[in-house]
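Chains as they are written, first to last, in our numbering: chain A, 71 to 307; chain B, 71 to 307.
Everything below concerns the one structure shown next.
There are 2 protein chains.
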Amino acid sequence: MAEALERDDYGLLFALIRLAELGAHKSLVKVPTEKFGSILRLSQQSASRILRLLEQRGWIERFVSREGTYARITNGGFERLIGLHRDLARILESRIEPIAFRGIVFTGFGEGNYYVKLYRRVLRDKLGFDPYPGTLNLRAATIEDLKALERIRSLPAIEIPSFKGRGRSLGSARCYRVAVEHRVRGVMIVPERTHYGRDVAEILAAERLREKLGLKDGDIITVELTFEEDSLSKAKG
Amino acid sequence: MAEALERDDYGLLFALIRLAELGAHKSLVKVPTEKFGSILRLSQQSASRILRLLEQRGWIERFVSREGTYARITNGGFERLIGLHRDLARILESRIEPIAFRGIVFTGFGEGNYYVKLYRRVLRDKLGFDPYPGTLNLRAATIEDLKALERIRSLPAIEIPSFKGRGRSLGSARCYRVAVEHRVRGVMIVPERTHYGRDVAEILAAERLREKLGLKDGDIITVELTFEEDSLSKAKG
DNA sequence: ATTACTATGTTTCGAGTAA
DNA sequence: TTTACTCGAAACATAGTAA
């Protein structure tokens with residue numbers, strides 16, 4: 071898909087679309103350069119050049135006569151249009167509502183500090199940052215936010231495996247990269263076992279979020295899923 | 071559709087597609103300018119500028135942080151993608167086989183000369199050129215060519231009305247603009263009444279085609295329908 | 001009418017670099 | 001590491017004009 075498009079060809083591809091709109095994908099069409107230029111909002115000269123470039127690329131056939139240029143889109147050119155259409159279709163079909171939720175800040179049981187310290191090494195390795203020892207607890211603000219939370223939990227995550235440390239077994243967890251208030255990068259961590267209900271999200275970040283964002287209990291903040299292609303591969307150290 | 075695209079925005083629209091392929095239409099996505107530049111095959115600087123321009127156009131939201139730029143496609147930007155997709159869908163769905171046929175040159179009853187002279191004025195007015203007094207007769211080369219001929223005859227045509235001239239009534243006819251051998255502009259004329267069968271096409275042009283193309287009986291040539299938006303309105307004089 | 005060449009103006013790109 | 005500024009270079013657009 072991406073390989074199908076040299077960047078230099080962007081303008082040309084749009085000219086090709088305009089030609090197709092004139093019917094050049096079905097048959098020879100008369101396209102005087104002056105008129106084609108006005109369609110492209112370019113000069114007669116540029117339209118002429120563009121038709122020649124399209125021919126050079128093999129996207130159109132071109133016959134110049136005294137009354138003007140006749141052009142037809144080739145199979146190669148038509149395939150470009152099909153390719154672009156398919157790329158767009160794939161994008162549009164994959165559209166889902168943005169995955170974000172708003173949560174109400176509350177004070178939890180205070181275990182965050184302890185657990186984050188136990189998991190610190192593996193979290194740092196998996197996440198690429200050293201987590202502040204403590205989680206920010208959020209309760210879904212509305213029923214929609216609860217649904218968003220469930221939707222997030224259904225997605226593939228950064229897996230934190232269970233392991234043994236300090237003589238005790240530590241459960242597994244799953245992490246999702248998020249942006250907090252559009253400004254601070256962090257992860258939402260979903261422990262295998264938790265004291266909280268499914269309407270609660272726990273957020274980890276490199277810094278203390280309450281301080282960084284000036285938060286107090288009852289504040290409502292936005293947490294939004296982010297994607298980094300390298301989420302799973304990034305294991306530096 | 072066309073109004074939806076300022077020409078200056080072509081490159082930007084493609085950048086938007088690339089962003090969508092990264093998932094930016096669903097959620098915030100991390101797009102460091104260096105990496106985005108390599109996706110677009112542009113420099114880090116240009117990628118940075120393009121992200122700022124996309125934001126200016128209102129097609130994306132953009133949050134710059136220490137680790138890079140986070141971006142998300144806005145509803146406005148998404149609508150551009152939908153618009154482009156719809157334009158392409160309309161084009162692709164309207165695709166039909168090119169309307170062309172190959173015909174075998176033969177010598178007819180020799181009435182062409184006489185009839186073209188009778189119709190000369192009205193033909194010149196309707197077609198925009200002064201027809202050579204004589205038609206080139208073509209017999210469909212294969213059954214596919216016959217089908218193509220029938221398909222052409224089913225399309226809307228340039229109508230030559232019946233009229234009275236030199237004391238006799240002249241039948242109506244219908245004309246289709248064609249390109250002969252990709253080089254010569256002419257029309258295929260379908261008289262209301264004819265001595266020929268439905269496998270025969272009669273071609274008119276400004277010049278004598280046998281001479282211009284060096285044709286003799288038995289030669290096979292290509293005749294292809296062409297479209298000129300102004301076909302029906304062009305009645306100069 | 002056309003197309004398209006040449007010369008010139010304008011925009012876009014990216015290396016260097018600051019923050 | 002980032003983003004993004006400056007400014008010289010490259011690419012692109014068009015007016016004038018020939019054919």
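Think of the CB as a built atom: it goes at the ideal place given N, C-alpha and C, for glycine as much as any other residue.
Please read all numbers here as calculations on a predicted model, not as lab measurements.
Against residue i, what residues of chain A qualify as contacts under a CB-to-CB distance less than 7 angstroms, listed in chain order?
| i | result |
| --- | --- |
| Gly93 of chain B | Phe297 |
| Glu294 of chain B | Ser97, Leu98 |
| His252 of chain B | Phe133 |
Which class does residue i belong to by DSSP, given the choice of helix, strand or coil?
| i | result |
| --- | --- |
| Lys100 of chain B | strand |
| Ser113 of chain B | coil |
| Ala210 of chain A | strand |
| Glu310 of chain A | Examination of residue 310 of chain A is not possible in this model, given that chain A is present from 71 through 307 alone. |
| Gly173 of chain A | strand |
| Ala141 of chain B | strand |
| Arg132 of chain B | strand |
| Lys187 of chain B | helix |
| Glu181 of chain B | coil |
| Arg127 of chain B | coil |
| Phe199 of chain B | coil |
| Lys217 of chain A | helix |
| Gly147 of chain A | helix |
| His95 of chain B | coil |
| Lys286 of chain B | coil |
| Ser108 of chain A | helix |
| Gly153 of chain B | helix |
| Gly204 of chain B | coil |
| Ser118 of chain A | helix |
Taking all protein chains shown into account, do 16 or more other C-beta atoms lie within 10 angstroms of the C-beta of residue i, making it buried, or fewer, making it exposed?
| i | result |
| --- | --- |
| Lys306 of chain B | Because Lys306 of chain B sits at a pLDDT of 28, beneath the cut-off of 50, its placement in the model cannot be relied upon, and the point is left open. |
| Lys234 of chain B | exposed |
| Pro201 of chain A | buried |
| Arg160 of chain A | exposed |
| Thr212 of chain B | exposed |
| Glu281 of chain B | exposed |
| Asp195 of chain A | exposed |
| Leu124 of chain B | buried |
| Leu225 of chain A | exposed |
| Gly107 of chain A | buried |
| Lys100 of chain A | buried |
| Gly198 of chain A | buried |
| Glu214 of chain B | exposed |
| Gly81 of chain A | buried |
| Glu262 of chain B | exposed |
| Gly204 of chain A | buried |
| Glu229 of chain B | exposed |
| Arg111 of chain B | exposed |
Run down chain A in chain order and give the residues with a C-beta less than 8 angstroms from the C-beta of residue i.
| i | result |
| --- | --- |
| Asp308 of chain B | Residue 308 of chain B is absent from the model: chain B starts at 71 and stops at 307. |
| Ala249 of chain B | Leu98, Phe133, Tyr140 |
Kindly list, in the order they appear in chain B, the residues whose Cβ is closer than 7 angstroms to that of residue i.
| i | result |
| --- | --- |
| Asn80 of chain A | Note that residue 80 of chain A is Tyr in the sequence shown here, rather than Asn. The answer, in chain order, is Tyr80, Gly81, Phe84. |
| Glu137 of chain A | Arg255 |
Please list the partners that residue i has in chain A, where partner means a Cβ-to-Cβ separation under 9 angstroms.
| i | result |
| --- | --- |
| Leu162 of chain B | Ala90, His95, Phe148, Leu151, Ile152, His155 |
Report the neighbours of residue i on chain B: residues whose CB is nearer than 8 angstroms to its CB, in chain order.
| i | result |
| --- | --- |
| Ile169 of chain A | Lys96, Ser97 |
Complete beta strand (DSSP E) runs within the stretch 223 to 277 of chain A (minimum length 3 residues, chain order): Secondary structure in the stretch 223 to 277 of chain A: the beta strand (DSSP E) runs of 3 residues or longer, each lying completely within the stretch, are 228 to 230, 233 to 235, 238 to 240, 243 to 250, 254 to 261, 270 to 275 in chain order.
Inter-stretch contact (C-beta, 8 angstroms, three-pair minimum) for the stretch 142 to 152 of chain B and the stretch 90 to 100 of chain B: Taking a cut-off of 8 angstroms for Cβ pairs, the stretch 142 to 152 of chain B and the stretch 90 to 100 of chain B touch, as three or more such pairs fall below it.
Three-pair Cβ contact test at 8 angstroms for the stretch 180 to 188 of chain B versus the stretch 152 to 161 of chain B: No contact exists between the stretch 180 to 188 of chain B and the stretch 152 to 161 of chain B.
Cβ contact (3+ pairs, closer than 8 angstroms) linking the stretch 132 to 141 of chain A and the stretch 250 to 267 of chain A: Inter-segment contact for the stretch 132 to 141 of chain A and the stretch 250 to 267 of chain A is absent: fewer than three beta-carbon pairs are separated by less than 8 angstroms.
Validate contact between the stretch 274 to 292 of chain A and the stretch 171 to 180 of chain A using beta carbons, cut 8 angstroms, 3 pairs: Yes, they touch.
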